[in-house]
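Comments concern the structure below.
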Amino acid sequence: MSALLLRRLRPLRGPSGLLFGAPERSFSGAPPPLPAACVRSTFVDFFRDKHGHLLVPSSPVRPRGDPSLLFVNAGMNQFKPIFLGTVDPRSEMASYRRVVNSQKCVRAGGKHNDLEDVGRDGYHHTFFEMLGNWSFGDYFKEQACRMAWTLLTEHYGIPADRLYVSYFGGDAAAGLPADEETRHIWLEIGVPACRLLPFGLKDNFWEMGDTGPCGPCTEIHYDHVGGRDAAALVNSDSPEVVEIWNLVFMQYNREADQSLRLLPQVSVDTGMGLERLVSVLQGKTSNYDTDLFTPLLHAIHQRSGVEPYGGRMGAVHGGQVDLAYRVVADHVRTLSVCIADGVHPGMSGAELVLRRILRRAVRFCVEVLRAPQGALASLVPTVANLLGDVYPELHREADRIMDVINENEAHFLSSLQQGSRLIERTLSRKDYKHGDFPASVAWSLHRDLGFPLDLVDLILEERGVQVDRQELDHLIAENQKVVLEMQSGHQSQVTLDVLSLTELQHLGVPHTDDTLKYEYHLEQGRYVFPACRAAVLALYDGRSLVSEVSEGQRCGVILDCTCFYSEQGGQSHDQGYFTRDGLQDVLFPVEAVVRAGGYVVHQVTAADSLKTGDRLQLHLDQAHRLSCMVKHTATHILNFALRKVLGPSVQQRGSHVSADRLRFDFSVKGSLSISQLQQVERCVNDIVSANQIVHSQELPLQRARSIDGLRTVDEVYPDPVRVVSVEVPVSELLDDRTDRETSVELCCGTHLLQTGTIEDLVIVSERQLVKGISRIVAVTGQEAARAREAGHVLSQDVDSLSARLSGSAPSCLDVAQRLSKEVGLLSDAVDNTLIPQWQRRELQSRLRALQRSSNTTVRKLETKEAAVRAQALLEKNGRKELLVDSVETDSLSVLMKTVNQLSSAAPLSHVMLLAHQRHSGKVLCACQVPKDSPAFMASDWAVAVCHHLDGSAGGTEVVAKGTGSSSDITEALRWAKEFAFQRMK
């Protein structure tokens, strides 16, 4: 284990002063505290059984199709399509009116980021459970407030005199009045006016984002102390008075111009952190003292080399140890939940955040808690025991979670060792005692190796050196700028907002009939797609519905029917164009096709005027559609083949189908072997060559889920749902009339009718995105044939080069270098050409062996040539104290070896050799001085000479090399000799 991990950890700033774990508090005359599991079930039962709410399971912490979020960070995330009006009217979600659930949430990275606060107090977490109830156009403020108050005071038994309520007090600048309606409701419920407090936009007005649904909120706060007036501590970040429940009343829509419009349908969105509620009900001031954490803290102590957890806070004796306990307990919960949901530590986005969480946990585990390597992963079963009854995937995935944590921990410890060596090498190149350590090196350590910046500071501080902080801040800012540009790089789509969607419904505009997208057939081996004529029902200009758009205007077009496929389920949207009746020669190219709330929106830039009521002819790009169908059906077969070859543990983690290739992400412990890649390809192509029939049938969602072997992903499916199977009809799968294994999935995409149209499939790339998640890229048809042909040609080239290298060894250095260069060029071609991945791996292995062999031959011949040159120079110059001369060679390696041999023969000599390339004017430079030479360092000599020659150089005190340019080698030699002579005097 790296010695760095035995160093002291830089003290982390926490709350000033001293705050020991407070004694347990209890409600007077109350029964024993409720266990956390009962707190959770009481909440769900109250809303489900007493108030008719539907229990909806927690969604995974990886957001469903929402690029604005790294993680699900609130209970409402999975219901955003309802708030935005974009929910598929055929889905179960569209029928939701009253909902209750307990949602897994992660707040680390992005807008809501609690990572750096975790451990410093008793209530911040990266992972937490959000208890919530929702009303979508059902009840509103009064019923929401009354239910919340009843649950807290009557069912949980929280004394009313411990509770304070805040509400929105209005904002004159924003033109928003105070929420007097909510204030009067609370007064009627019985909340005293002195405990009913108004606050502004920051605390009591909730917004989903820069635009979209928003509204005032009212919050219920709890005073841990009681028996006093604690109104001044509400919303003051006091650990003694904490918010426990937030009730949001969505009644406005924030427009792009920042104005507010009333929503046509109001909703309620409430959220209460389970951990904080449990601490209140169990009489604890710290969440870590509840039964959600105490078993975990005990397990950490059993694996550590420190005293048990003491609940201490702040910069006090033992405070750092207890902070580490809290960090590790919190982080291992987050790691377990995220990995179980398919988010693995990686290099970007949510994966990068999770990598930082893991590495932070490892550091505290090893540096502060003195736990052995592997201790972090060994806590996963304890997490599963605590949370697995509610989230069974934690039990199911426990072994995989531990493997991922252990692999990433080992990699991090290795990175620490590598990073410390890089720091030492950087420091040894120059005396940084009075200068700044290069920010670029510090940033590279952090970005590429995951080396914590505070650890870089600590190591440098011990040597009296510091990072150039200004330059480092600049690099961090530049990186953040690049990340933001990448996130916003895609062209914005014309997407209907919730008000326009509601207006369409009020106007009676029917949902788009897009069944034609499935109505194609085979005729004499060719796919025939239906003609489609449609009427323009509505136009959207990006802000509101309009009756007409003019030439050059970008807009969304809603038709009564369409044959275009809208982007969903990982399949790209269709391409093509419209023509307008009476204007057949003017084309309206379709730039994108998206679905929103049952409407298919065709994004176009109008080539001429277009108005509602116009009749259009839709022209589908049939070649593009057929290519997408090929790739989509091939993706299903690939999914089946991977499961068949690798086993049932393989789970789909993402996919994308476009006209030119398919991409498929799946869970697997490591990269596939050459043999496994060949087996998967063979399995797919056996199904392709059998030209099996592809069946599809629409079924009620519940009935479809009963099919044995059905493959699904985390999506909201419509009901009824389309089921796609290969070879075996869906009806047979439903009735269990077959024991044949086959591909069967819920899928809204467009598919082939027979597999033979795929022709061939070649996996051209397979790599691990992060530990435990691999990505396959594959091509089909003619692209696959070209990939196989390219692979065959490269294989022949490798065979030919191998034969030449395995013959008699070249006796000439030029020939050997040429062969070595050929190996390098061929390696580049194998790395970058579209060929079968199994063949790429095979050829790469052969080429690595050839490269090692050719490099060895080159080194031997260089050494031999250097020996001849060194002997000639010794005969010419003798063993002088200063030897400066020129040789004829175009190899810097030969020049260095010649210098080395001269120095070995004359160990007290200061040697520099220059090699002039007459055709280019370039000068190669190499030098060596005696070890501990009092005169000068080799690096100083080479840098001075090459700088004189308008070039650059580098090296150590003893050996150095560089390049420059000159038309007069004699003058260059004279200058080099004069520099050395002056220093030696």
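Going by this note's numbering, the sequence shown opens with residue 774, and the numbers climb by one from there.
Where a beta carbon is used, it is the ideal one built from N, C-alpha and C, also for glycine.
Remember, predicted model here, so these are calculated numbers, not experimental data.
Per DSSP, the bridge partner or partners of residue i
i, result
"residue 1026", "986 and 1034"
"residue 993", "938 and 1018"
"residue 1471", "1495"
"residue 818", "Residue 818 pairs with nothing; no bridge assigned."
"residue 1327", "1378"
"residue 1300", "1295"
"residue 873", "828 and 906"
"residue 1239", "1209"
"residue 1438", "1427 and 1548"
"residue 1689", "1696"
"residue 1335", "Beta-bridge pairing links residue 1335 to no other residue."
"residue 979", "988"
"residue 1351", "1361 and 1391"
Span separating the alpha-carbon of residue i from that of residue j
i, j, result
"residue 1323", "residue 1377", "12 Å"
"residue 950", "residue 956", "12 Å"
"residue 1749", "residue 1719", "9 Å"
"residue 1047", "residue 1060", "10 Å"
"residue 1544", "residue 1437", "16 Å"
"residue 1758", "residue 1751", "11 Å"
"residue 1737", "residue 1657", "16 Å"
"residue 830", "residue 1331", "34 Å"
"residue 909", "residue 1359", "44 Å"
"residue 805", "residue 1129", "39 Å"
"residue 1481", "residue 1396", "35 Å"
"residue 1286", "residue 1400", "23 Å"
"residue 1297", "residue 1272", "48 Å"
"residue 1722", "residue 1557", "53 Å"
"residue 1160", "residue 1216", "38 Å"
"residue 1666", "residue 837", "55 Å"
"residue 1260", "residue 1253", "Low local confidence applies: a pLDDT of 48 at residue 1260 is under 50, so the model's placement there is unreliable, with the coordinate-based value given in what follows. In a straight line, the C-alpha of residue 1260 is about 11 Å away from that of residue 1253."
"residue 1716", "residue 1734", "8 Å"
"residue 1731", "residue 1711", "5 Å"
"residue 1107", "residue 1605", "38 Å"
Same chain, Cβ closer than 6 Å to residue i, neighbours up to 5 away in sequence not counted
i, result
"residue 1037", "1275"
"residue 1148", "1076 and 1138"
"residue 1354", "1388"
"residue 1541", "1444 and 1547"
"residue 1612", "1564"
"residue 1742", "1659 and 1689"
Own chain, CB closer than 7 Å to residue i, minus 5 neighbours either side, in chain order
i, result
"residue 1756", "1708 and 1709"
"residue 1209", "1239, 1240 and 1241"
"residue 1745", "1687, 1696, 1722 and 1739"
"residue 947", "974"
"residue 1662", "1668 and 1688"
"residue 958", "914, 915 and 918"
Close beta carbons around residue i, own chain, < 8 Å, minus the five adjacent residues each side
i, result
"residue 1045", "816, 903, 904, 905, 1017, 1018 and 1019"
"residue 1655", "1682, 1683, 1750, 1753, 1754 and 1757"
"residue 1449", "1418 and 1419"
"residue 1782", "Summary: the structure shown does not reach residue 1782, with the chain confined to residues 774 through 1758, and so no result is reported for it."
"residue 1555", "1532"
"residue 1303", "1289, 1292, 1293 and 1336"
Heavy atom of the ligand PLP within 7 Å of residue i beta-carbon
i, result
"residue 1563", "In the structure on display, the ligand PLP does not appear, and there are no ligands present to speak of."
**OP:** Give a yes or no on contact between the segment 1489-1507 and the segment 1561-1572, applying the rule of three or more CB pairs nearer than 8 Å.
**Re:** Output reads no: the segment 1561-1572 does not touch the segment 1489-1507.
Original post:
Unbroken alpha helix (DSSP H) runs of length 4 or more, entirely within the segment 1596-1663: which are they?
Top reply: Counting only runs of 4 or more, we get 1610-1650.
Subject >> At least 3 beta-carbon pairs within less than 8 Å: the segment 928-935 vs the segment 1121-1130 >> reply: Output reads no: the segment 1121-1130 does not touch the segment 928-935.
Original post:
Counting only runs that start and end within the segment 1697-1729, where is the alpha helix (DSSP H) found for 4 or more residues in a row?
Top reply: The qualifying runs are 1711-1721.
Original post:
Per the contact definition of three or more C-beta pairs closer than 8 Å, is the segment 1414-1421 in contact with the segment 1522-1531?
Top reply: These segments do not touch.
Original post:
What residue ranges within the segment 1076-1134 form continuous alpha helix (DSSP H) runs of no fewer than 4 residues, ordered along the chain?
Top reply: Complete alpha helix (DSSP H) runs here, min 4: 1092-1113.
Original post:
Given 8 Å as the limit, is there contact between the segment 993-1007 and the segment 809-827, that is, 3 or more CB pairs closer than that?
Top reply: By the Cβ test, the segment 993-1007 is not in contact with the segment 809-827, since fewer than three Cβ pairs between them sit closer than 8 Å.
Original post:
How about the segment 1139-1158 and the segment 1238-1246: do they share at least three Cβ pairs that are nearer than 8 Å?
Top reply: The segment 1139-1158 vs the segment 1238-1246: no contact.
Subject >> Sufficient close CB pairs (3 or more, under 8 Å) joining the segment 1686-1705 to the segment 1664-1677 >> reply: Segments in contact, yes.
Original post:
Where are the alpha helix (DSSP H) runs, 4 residues long or more, that stay fully inside the segment 1376-1435, in chain order?
Top reply: Counting only runs that start and end inside the segment 1376-1435, the alpha helix (DSSP H) elements of at least 4 residues fall at 1395-1419.
**OP:** Evaluate contact between the segment 1362-1378 and the segment 1336-1348, counting only Cβ atoms and requiring at least three cross-stretch pairs below 8 Å.
**Re:** They touch, by the three-pair rule.
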